[in-house]
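Everything in the sequence shown is counted per this note's numbering, starting at 200 for the first residue and increasing by one. Note that the Cβ used here is the ideal one computed from N, Cα and C, for glycine as well. Everything numeric in this text was worked out from a predicted model, so none of it was measured.
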Amino acid sequence: MGIRAACCGAQIDPDGARRARLPAGQAQPTPVLLYTRVFKAMQTKYPIGILGATGMVGQRYIQLLERHPWFEVTWLAASDRSSGKPYGEAAKWRLDTPLPERIAKMTVSPAEPGAAANGDQLAPKIIFASVDAAIARELEPKFAAAGCAVVSNSSAFRMAPNVPLMIPEVNAGHLRLIEEQSWRRESGGYMVTNSNCTVMGPVLALKPLVDRFGIEQIFATSMQAVSGAGYPGVPSMDILDNVVPYIPSEEEKMEEELLKLLGSLDGHVVKPLNARMSASCNRVPVVDGHTVSVSIKLGRPAAREEILAAWAEFRPLAGQGLPTAPEQPVQWAPQDDRPQPRLDRNRGNGMAVTVGRLRPCNVLDWKFTVLSHNTIRGAAGATILNAELLASLGKLG
Ligand SMILES: NC(=O)c1ccc[n+]([C@@H]2O[C@H](COP(=O)([O-])OP(=O)(O)OC[C@H]3O[C@@H](n4cnc5c(N)ncnc54)[C@H](OP(=O)(O)O)[C@@H]3O)[C@@H](O)[C@H]2O)c1
């Protein structure tokens, strides 16, 4: 077996960079989190279970974890349609890298914490979950109650007051909310969620601007890939040669999640960002990669060079050794016709978002375009990065 991460010693403050820029005399926020960044080699990897392993996001977990230095997939679960079958038979593999042989041979387990396939091991204590919200609402609490760290992709608990909705570069301090969960006290289990795939790009692009200039209004229009609807997703007869200007609940999710993600922890709850947000969501005939046009009104005027500098200097995880963290999470594309899904979605191994077309807005202050890979940065990669942060904090047991 390979390497297991263990932490020691070094402490950093994720809000430190922001505090350093505050004007003299202004109240300094309390450090929200102290966490470690030095890793030592150990003998084993963390065993990972995947709930929803046969789906679009489940497949991405398998692909991204294949050579992961800290995590190893040891348990796969999906619906009754799949359980009891070898994964290679149950899943219609849709990715452009081969299905790993070891995974193809694994038997899909029933989706229960105590379930074992063919006498194999029970569900491990770390679960990466990617099932529909209605199913997650029923299943995820069972795993948390059984003592599992549930790192989830679903929207079911994202807005629950005691559940962190987390992007490590943006709001690592919100992780403290896991201590508010009854599962944590009773069994040690807890739940952490990552964001909706569409909001990921705008939030990463806006975070450095919120910190430096403040933001009062946000207007966002998305052009979302078909893979965002899972497999088989939108029928080809509906999406080819077409744009569908409606994705159920997507606009509501974008609006409320963006404000929670950019909000601040106030005692035991997250105080949402005090800004007005309006989203319009569209499905377009692109396979992977969500593009969002964003217009913003800032809290104070900022020149183009200041905005570009805020993006370029935004490296909150630099030097922490989280394997999936991109070196430069927000990458600027200077060309007039970028970002584009086909050309830019794989930047930073699919974990960096690309911004371009920064220009003045005649209604608000500035407008730009942001692109992110929806099943990597917006889904499986986001879960994995959250789990890496949890591991680095010693929260994975
Ligand atoms: N696709 C994206 O870009 C994206 C991005 C962010 C978040 N998400 C969220 O991630 C979740 C999964 O999305 P997806 O695109 O991967 O969907 P998907 O392709 O439809 O996959 C759904 C998965 O859930 C399993 N499942 C269905 N019913 C189940 C049950 N009763 N018990 C246990 N497992 C069950 C399916 O197993 P079977 O194969 O056996 O049916 C499959 O593995 C959703 O909540 C979605 O909103 C998706």
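Here Q534 is exposed. Its C-beta has fewer than 16 other C-beta atoms within 10 Å. Secondary structure at V569: strand, using DSSP grouped into helix, strand and coil.
The distance from the Cβ of V369 to that of K406 is about 5 Å, consistent with a contact at the 8 Å cut-off.
Between P367 and L584, the C-beta spacing is below 8 Å. Across the structure, G427 and V554 are spaced so that their CA atoms are roughly 20 Å apart.
S421 is a Cβ neighbour of V491, given a cutoff of 8 Å.
Residue range P367 to N370 is occupied by the alpha helix (DSSP H) that includes P367.
Remark: three or more beta-carbon pairs, one from each stretch, lie closer than 8 Å, so the stretch 570 to 581 and the stretch 542 to 560 are flagged as touching. When distances are taken from the beta-carbon of A310 to the heavy atoms of ligand 1, the shortest one is below 7 Å.
Assigned with DSSP and collapsed to three states, Y389 falls in strand. In the DSSP annotation of this structure, the continuous segment of the beta strand (DSSP E) that includes A348 starts and ends at A348 to S351.
Between the alpha carbons of L250 and I326 lies a gap of roughly 7 Å. Between M550 and R280, the alpha-carbon positions lie close to 32 Å from each other. The beta carbons of I438 and R482 sit about 6 Å from each other, so the pair counts as a contact at 8 Å. At a threshold of 7 Å, D437 does not count as near ligand 1, since its beta carbon sits no closer than that to any of the ligand's heavy atoms. R336 sits away from A348, with the two beta carbons spaced by 8 Å or more. Under DSSP, E271 forms a beta bridge with P246. A direct Cα-Cα distance of roughly 27 Å separates Y430 from P525. Nearest Cα to S448 within the set N395, P538, I417 and G488: N395. Distances from the CB of Y245 to the heavy atoms of ligand 1 are all 7 Å or more. In terms of CA proximity to Q258, L298 leads the group K284, W269, L298 and F567.
If the five residues before and after L589 are omitted, its C-beta is found closer than 6 Å to the C-beta atoms of L595, all from its own chain and listed in chain order. Under the rule that a run must span 4 or more residues, the alpha helix (DSSP H) segments found entirely inside the stretch 423 to 470 read 435 to 438 and 449 to 460. For V256, the three-state secondary structure derived from DSSP is helix.
The C-alpha of A586 lies about 27 Å from the C-alpha of A509.
Only residues of its own chain outside the window of five on either side were considered, and among them P484 have a CB closer than 8 Å to the CB of D440, listed in chain order.
When the alpha-carbon of S591 is set against those of M436, L521, A578 and A359, the nearest one is in L521. H489 and Q423 have their C-alpha atoms spaced approximately 4 Å apart. According to DSSP, W531 shares a beta bridge with V554.
If you draw a straight line from the Cα of L516 to the Cα of H267, it is about 18 Å long. Ligand 1 has no heavy atom closer than 7 Å to the beta-carbon of A359.
Under the criterion of beta carbons closer than 8 Å, P528 and T568 do not qualify as touching, at roughly 17 Å. The DSSP-derived three-state label of C480 is strand.
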